[in-house]
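Here's the structure, in structure tokens; my notes come after.
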Amino acid sequence: MIGEIQSLRARSARLASVAAPSAGTMIECESGAIEYDESGQGPTVVLVPGSCGTGAAWRPIIAEWGERFRCVTTSLLGYGRTAERRSAADPDIRHEAEIVESVIRWTGGPVHLVGHSFGGLVGVAVALRNQVPLLSLSILEAPAPGFLRRMGEEAHFRSIREMTDRYFEAFEAGKTDAIAEMIDFDGGVGTFAS
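First residue of the sequence shown: 1, per this note's numbering; consecutive thereafter.
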């Protein structure tokens with residue numbers, strides 16, 4: 001029991017050391033500001049959050065890693081302090097890839113690129129575009145329902161499509177909590193409200 005308490009205290013101390021965000025750095029480019037923050041030393045790992053997330057989502061991971069890696073975080077378009085550059089007429093993932101490529105260039109590359117959820121799909125786009133040097137690519141929980149259909153998982157594919165349809169219907173109706181559809185789908189009913 002005492003060992004568990006000491007372990008929790010040590011982990012809390014590590015979290016506290018990265019929990020308070022620094023002012024961070026903003027990368028300024030022609031198309032707008034990009035949020036950038038870094039901590040640690042060692043091999044560079046660029047951490048890309050999912051939709052509705054910011055670089056702050058990676059703080060527990062960064063705390064767990066301690067100083068073993070140079071951890072670089074950013075936020076996707078329209079989140080955190082990263083400027084939105086997409087439009088309804090041009091929502092191409094290329095815009096997301098370009099901001100991550102700018103962050104990688106800013107680090108001096110090559111990097112290990114890690115993306116969660118939609119950030120994982122952005123990571124795949126970055127790798128396929130081959131505009132910046134990557135040492136590795138890790139994607140976590142990337143929403144790629146097309147793969148499900150290819151693998152014969154029609155029921156799972158259909159459930160994701162139905163959730164997506166409900167989300168867009170709520171969003172287009174102007175519901176401010178439209179994202180609850182997606183968050184509750186991933187985390188279980190009531191996750192958004194908690």
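Just so you know, even glycine gets a beta-carbon here, dropped at the ideal spot from N, CA and C.
Between which two residues does the beta strand (DSSP E) holding residue i run?
i	result
Met151	Careful: Met151 lies outside any beta strand (DSSP E) and carries neither H nor E.
Gly32	32-39
Ile27	25-29
Which residue wins for smallest C-alpha separation from residue i, given the options the options?
i	options	result
Gly55	Gly32, Gln41, Arg81	Arg81
Ala97	Ala88, Asp90, Gly119	Gly119
His95	Thr44, Cys52, Ser159, Gly78	Gly78
Ile183	Gly50, Ala88, Ala155	Gly50
Ser31	Ala83, Cys71, Leu47	Ala83
Glu38	Ile93, Cys52, Arg68	Arg68
Ala142	Pro133, Val122, Tyr167, Arg161	Val122
Asp165	Glu181, Ala155, Asp90	Glu181
Pro43	Thr25, Ser87, Gly66	Gly66
Val189	Ala170, Glu169, Phe168, Met163	Met163
Ile27	Val103, Pro91, Ala57	Val103
Val45	Ala33, Arg86, Arg70	Arg70
Gly40	Tyr167, Phe157, Thr107	Thr107
Pro133	Gly109, Ala155, Ser117, Pro145	Gly109
Arg105	Asp92, Phe185, Pro91, Gln131	Gln131
Ser159	Ser87, Ala193, Ala170, Pro145	Pro145
Which residues does DSSP pair with residue i in a beta bridge?
i	result
Ser228	Residue 228 is absent from the structure shown; the chain starts at 1 and stops at 194.
Arg70	Thr44
Ile139	Gly115
Asp177	Its beta-bridge partners do not exist; DSSP assigns none.
Asp90	Ser87
Leu134	Val111
Counting along the chain, where does the alpha helix (DSSP H) carrying residue i start and finish?
i	result
Glu98	94-107
Pro60	59-65
Using a Cβ cut-off of 9 Å (strictly closer), state whether residue i contacts chain D.
i	result
Ser39	Structure shown: chain D not included; a single protein chain is present.
Can you round the beta-carbon distance between residue i and residue j to whole angstroms, since I take them to be within the 8 Å contact cut?
i	j	result
Glu35	Thr74	5 Å
Ile179	Cys52	6 Å
Trp58	Leu47	4 Å
Do three or more CB pairs link the region 130-137 to the region 109-122 at distances below 8 Å?
yes
Sufficient close CB pairs (3 or more, under 8 Å) joining the region 123-135 to the region 61-69:
Cβ pair count under 8 Å is below three, so no.
Do the region 168-179 and the region 140-153 touch if we need at least three Cβ pairs shorter than 8 Å?
Output reads no: the region 140-153 does not touch the region 168-179.
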